[in-house]
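J.:
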Amino acid sequence: MDTDLEHQNKAIIQGLEIIIRYLDDEDKYNKQQIMRIAKSHNHYNLDIHPHSYYYWIEALILTIKKFDSQWFDDLEYYWRECVSVPINFITSQFFVQDSLSK
Ligand code: HEM
Numbered sequence: 061m062d063t064d065l066e067h068q069n070k071a072i073i074q075g076l077e078i079i080i081r082y083l084d085d086e087d088k089y090n091k092q093q094i095m096r097i098a099k100s101h102n103h104y105n106l107d108i109h110p111h112s113y114y115y116w117i118e119a120l121i122l123t124i125k126k127f128d129s130q131w132f133d134d135l136e137y138y139w140r141e142c143v144s145v146p147i148n149f150i151t152s153q154f155f156v157q158d159s160l161s162k
């Protein structure tokens, strides 16, 4: 597979920032960004099936566990709780057409 790792790296960091900030109620910009990602990843665009997010979360946890020097075991549950909120929204929009703003 011919993957542009630098491009992928930027997309992952940008995506993670949006995910974490999504939980901040004051922050409308990141709510809009999650809506945009929900639309770009839905069945009618990138067609990322909801089951793929399971692997995305597992890879994220394994990676953080490996590289976070301040890791402690309960952190895994905090991460899972935080990412599940926006990911549940994204997957809920899989078959929704044209209902989201850009
Ligand atoms: C919550 C999890 C995810 C987040 C936050 C996320 C975020 C992003 C962002 C920010 C982009 C750049 C384009 C855009 O802004 O729409 C992107 C592109 C992309 N994502 Fe995701 N993504 C997630 C999960 C996934 C999963 C599970 C897959 C597939 C297994 C995937 C596949 C792709 C592909 C193929 C692209 C296009 C890459 C490109 O244009 O070069 N994403 N994603």
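Residues in the sequence shown are numbered consecutively from 61, following the working numbering. Idealized CB from N, CA, C, for every residue including glycine.
1) DSSP three-state call for valine 145: helix, strand or coil?
2) Taking the C-alpha atoms as reference points, what is the distance between proline 110 and aspartate 128?
3) Do tyrosine 104 and the ligand HEM come close, with the Cβ less than 6 Å from some heavy atom?
4) Decide if valine 143 is buried, meaning its Cβ has at least 16 other Cβ atoms within 10 Å, or exposed.
5) Anyone know if the C-beta pair for serine 112 and leucine 106 falls short of 7 Å?
6) Taking the alpha-carbon positions, what's the aspartate 62 to tyrosine 138 distance?
7) Buried or exposed for glutamine 130, please, with buried defined as at least 16 other CB atoms from any protein chain shown within 10 angstroms of its CB.
T.: According to the structure shown:
1) Counted from its first residue, the sequence shown places residue 145 at position 85. If DSSP states are grouped into helix, strand and coil, valine 145 belongs with the helices.
2) On the sequence shown, position 50 is the one that residue 110 refers to. On the sequence shown, position 68 is the one that residue 128 refers to. Proline 110 and aspartate 128: Cα-Cα distance of roughly 27 Å.
3) Taking the first residue of the sequence shown as position 1, residue 104 is located at position 44. If you check the C-beta of tyrosine 104 against the ligand HEM, you find no heavy atom less than 6 Å away.
4) On the sequence shown, residue 143 is found 83 positions in, with the first residue counted as 1. With 16 or more other CB atoms across the displayed protein chains lying within 10 angstroms of its CB, valine 143 is buried.
5) The residue given as residue 112 occupies position 52 in the sequence shown. The residue given as residue 106 occupies position 46 in the sequence shown. Taking the C-beta atoms as reference points, leucine 106 is found no nearer than 7 Å to serine 112.
6) Looking up residue 62 in the sequence shown gives position 2. Looking up residue 138 in the sequence shown gives position 78. Their backbone Cα atoms lie some 34 Å apart in a straight line.
7) Walking along the sequence shown from the start, residue 130 turns up at place 70. By the neighbour-count rule (16 or more Cβ atoms within 10 Å), glutamine 130 is not buried but exposed.
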